[in-house]
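According to this note's numbering, the sequence shown is numbered sequentially starting from 1. Working notes, beginning with the structure itself.
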Amino acid sequence: MPAQHQDPENGHGSQELPGNTSPETPNNKTAEPAGIRALFEGLLQVAFPVNCIGCGTALPVRTRILCERCPHEQFSDPNPANEATCENLILPDGIMFQDALWKYDKGGLLNRIIHMLKYEGMQHVGEELGFLAGRRLLERHIEGSGRLADGRPLLLLPVPLHPKREQQRGYNQARLIAGGMHAASGIPVADAQLLIREKNTKTQTKFKLSQRMVNLKGAFVLNNYSAVEGRHIIIVDDVFTTGSTTFTVAQELQKAQPASVSVFTIGMA
Ligand SMILES: [Zn+2]
């Protein structure tokens, strides 16, 4: 029975029709294996139901959480006019653009999805979101505005977690997102040792951005200047809130004279 596993992506039984097979296999009865497969799928679906988190439609791929339609229907674009920033932020010197895939509302759908990614161990969510983000990055900043299309090399840089935090979680969600962005765009992801986080600071929401950036001073250390010099660096994170983290990373990167530094996140709070 384990011989049935060659076709993991086939959620519906349409491929069993022998459209172009030779007539030498007249007694090749496909009804029974297809029935077993359907039964197997059905059992899996009962044991671990996988439905779109946005609309409840059954999903054919078990490692996905969103159907094809929901990314376009359940979320809003924080930057429809393709400005250099979402919501008229004042960008610090040296940041080319700040963009995000979707608006982030506390208690909303994206909030729930980010929670799955960060606190429920659902690592595949990072890749799925990252893939959508990577497509957006291409459309908007390479093919669209051309901000990143001057031929200089690009690099995706996930915001590092403090090693202790990463050990607790078992992974860095920003790196998973960057992996999905790579899958969609082909842009390489920086080595995990390129930038390390030395301070484990909690977000101090009562302070202003400038004060928070002072508190984060020295939190990130760039280990290899030549990997950054002359490149367009895209800092990747899950949610952009105040910018204190990503802008502090950007400051550290400026020491190595990149072609540009930008920020792309999944959520825009
Ligand atoms: Zn859906």
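Here a beta-carbon is modelled for each residue, glycine too, at the ideal position from N, C-alpha and C. Quick caveat: nothing in here was measured; it's all calculated off a predicted structure.
Have a look at the options and flag the residue whose alpha-carbon is nearest the alpha-carbon of residue i.
i, options, result
"Arg140", "Leu66, Thr85 and Ser226", "Thr85"
"Ile276", "Leu176, Pro60 and Leu66", "The structure shown does not extend to residue 276, since the chain is modelled only from 1 through 269, so no value can be given for it."
"Val125", "Leu161, Met181, Asn82 and Gly151", "Met181"
"Ala259", "Leu43, Gln168 and Ile95", "Ile95"
"Ile196", "Val249, Gly108, Glu87 and Cys55", "Val249"
"Asn79", "Phe97, Lys164, Ala174 and Lys217", "Phe97"
"Gln254", "Val236, Gly243, Ile266 and Val221", "Val221"
"Asp191", "Ala81, Gly121 and Tyr225", "Tyr225"
"Arg147", "Asp99, Tyr119 and Ala183", "Asp99"
"Ser185", "Pro60, Asp77 and Glu127", "Glu127"
"Val261", "Arg152, Ala183, Ser210 and Leu216", "Arg152"
"Leu117", "Ala174, Val214 and Ser210", "Ala174"
Near residue i, which residues of its chain fall below 6 Å by C-beta distance, leaving aside the five closest residues on each side in sequence?
i, result
"Pro92", "Phe247"
"Thr241", "Ala269"
"Arg62", "Val50"
"Thr57", "Cys67"
"Asn27", "At Asn27 the pLDDT is 46, less than 50, meaning the model places this residue with poor confidence and gives no usable figure here."
Kindly list the residues whose CB is nearer than 7 Å to the CB of residue i, restricted to its own chain and excluding five residues on each side of it in sequence; keep chain order.
i, result
"Asn172", "Pro158, Pro160, Leu161 and Glu166"
"Gln193", "Asn223"
"Ala70", "Before going further, note that residue 70 is Cys rather than Ala in the sequence given. Excluding sequence neighbours, Cys70 sits near Cys52, Gly54 and Cys55."
"Ala256", "Leu222, Tyr225, Val228 and Glu229"
"Ile142", "Leu148 and Ala149"
"Leu110", "Phe75, Trp102, Tyr104 and Gly267"
Tell me, to the nearest whole angstrom, how far the beta carbon of residue i is from that of residue j; I am working on the premise that it is less than 8 Å.
i, j, result
"Phe264", "Ile233", "Contact doesn't hold; Cβ gap of about 11 Å is too wide."
"Lys199", "Gly218", "7 Å"
"Leu156", "Pro188", "7 Å"
"Ala178", "Gly121", "Their Cβ separation, rounded to whole angstroms, is 18 Å, which puts Ala178 and Gly121 out of contact at 8 Å."
Assign residue i to one of three DSSP states: helix, strand, or coil.
i, result
"Val301", "Here the chain has residues from 1 to 269 only, and residue 301 is not among them."
"Leu101", "strand"
"Val125", "helix"
"Asn248", "Looking at the sequence provided, one finds Thr at residue 248 rather than Asn. Looking at Thr248 - three-state DSSP - the assignment turns out to be helix."
"Phe264", "strand"
"Asn51", "strand"
"Ala133", "helix"
"Val214", "helix"
"Ala227", "helix"
"Arg62", "coil"
"Ile187", "coil"
Please go through the same chain and pick out, in chain order, the residues whose beta-carbon is closer than 8 Å to the beta-carbon of residue i, but skip the five residues on each side of it.
i, result
"Glu252", "Leu195, Phe220, Val221 and Leu222"
Beta carbon nearer than 6 Å to a non-hydrogen atom of ligand 1: Any residue whose Cβ sits closer than 6 Å to a heavy atom of ligand 1 makes the list: Cys52, Gly54, Cys55, Thr57, Leu66, Cys67, Arg69 and Cys70.
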